[in-house]
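Note sheet for the following structure.
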Amino acid sequence: GAVVSQHPSWVICKSGTSVKIECRSLDFQATTMFWYRQFPKQSLMLMATSNEGSKATYEQGVEKDKFLINHASLTLSTLTVTSAHPEDSSFYICSARDASGGDTEAFFGQGTRLTVV
Amino acid sequence: GDSVTQMEGPVTLSEEAFLTINCTYTATGYPSLFWYVQYPGEGLQLLLKATKADDKGSNKGFEATYRKETTSFHLEKGSVQVSDSAVYFCALSPDTGGFKTIFGAGTRLFVKA
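As you go down the protein sequences, you meet chains A and B in turn.
Residue numbering for the first sequence follows this note's numbering, starting at 19 and increasing by one per position.
Residue numbering for the second sequence follows this note's numbering, starting at 4 and increasing by one per position.
Here you go:
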């Protein structure tokens with residue numbers, strides 16, 4: 019199946035700093051990518067839909083100025099957590115679907131564990 | 004809106020026991036249905052999927068059948084192993100386009116030797 023790579027797999031940052039997480043589709047093009055957040059022992063909650071060449075669509079309750087999403091190419095979307103605080107510590111996972119439409123499921127990255135100290 | 008409901012865990016079984024994890028969904032039209040598995044400290048892996056009514060998805064001994072009449076997609080395995088210990092997520096992708104995935108709360112499975 020298609021491969022989605024997320025980087026970094028884990029990061030520790032100081033409170034007040036910004037962190038960028040990358041999501042790449044390695045062997046297919048993705049016009050749309052999705053960013054999820056998972057708190058410990060909870061399910062995945064969709065944060066935003068990243069659209070290549072246009073603004074991201076954020077789910078209700080997600081601060082777009084805090085979680086900046088850029089989808090500059092058909093294979094890369096980035097999520098930047100700005101002015102991170104300890105409550106932003108979480109597991110962030112991206113997914114992407116093949117733009118050619120051949121697959122019915124989204125492919126997920128391995129996730130990024132963010133710890134803000 | 005669309006949603007997925009799955010049985011609460013944790014589920015604790017002995018090795019070689021039969022596993023059922025119930026999942027029901029609410030959606031308009033004909034969504035695609037999935038089971039994902041998440042091992043400790045890792046991301047999600049697609050376990051199996053079904054895209055239309057009466058389809059049966061299967062993989063690694065796990066099975067689930069898309070039941071339109073009961074809006075269900077229960078996960079089953081005849082004989083679990085210790086290595087099956089993980090969190091299992093039932094999910095759907097609406098057929099209205101957009102391709103986002105809606106997840107259930109997840110069910111944690113512990114298999115004892």
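A virtual CB, placed ideally from N, CA and C, is assigned to each residue, including glycine.
Query: Chain A contacts made by the stretch 54–71 of chain B, where a contact means CB separation under 7 Å; Result: Thr54
Query: Nearest neighbour of A/Thr75, chosen from B/Thr15, B/Lys103, B/Gly109 [CA to CA]; Result: B/Lys103
Query: Reduced DSSP secondary structure (H/G/I, E/B, other) of A/Glu105; Result: helix
Query: Contacts of A/Ser61 in chain B (Cβ-Cβ under 7 Å); Result: Phe92, Phe106, Gly107, Ala108, Gly109
Query: Under 7 Å from the C-beta of B/Leu16: neighbouring residues of chain A; Result: The premise fails here: B/Leu16 is roughly 19 Å from chain A at the closest Cβ pair, so nothing lies under 7 Å.
Query: 8 Å Cβ cutoff, A/Gln47 in contact with chain B; Result: no
Query: A/Ser118 - DSSP class collapsed to helix/strand/coil; Result: coil
Query: Sheet register partners of B/Glu79 (DSSP bridge); Result: B/Thr23, B/Glu66
Query: Cβ pair count under 8 Å reaching 3, the stretch 23–32 of chain B against the stretch 62–74 of chain B; Result: yes
Query: Top-ranked residue by Cα proximity to B/Val114, from B/Val85, B/Ser6, B/Glu66; Result: B/Val85
Query: Beta-carbon contacts of B/Asp58 that lie in its chain and below 8 Å, excluding the five residues immediately before and after; Result: Thr68, Tyr69
Query: Secondary structure of A/Ser27, DSSP reduced to three states; Result: coil
Query: Bridge partners - B/Gly60, DSSP secondary structure assignment; Result: B/Ala67
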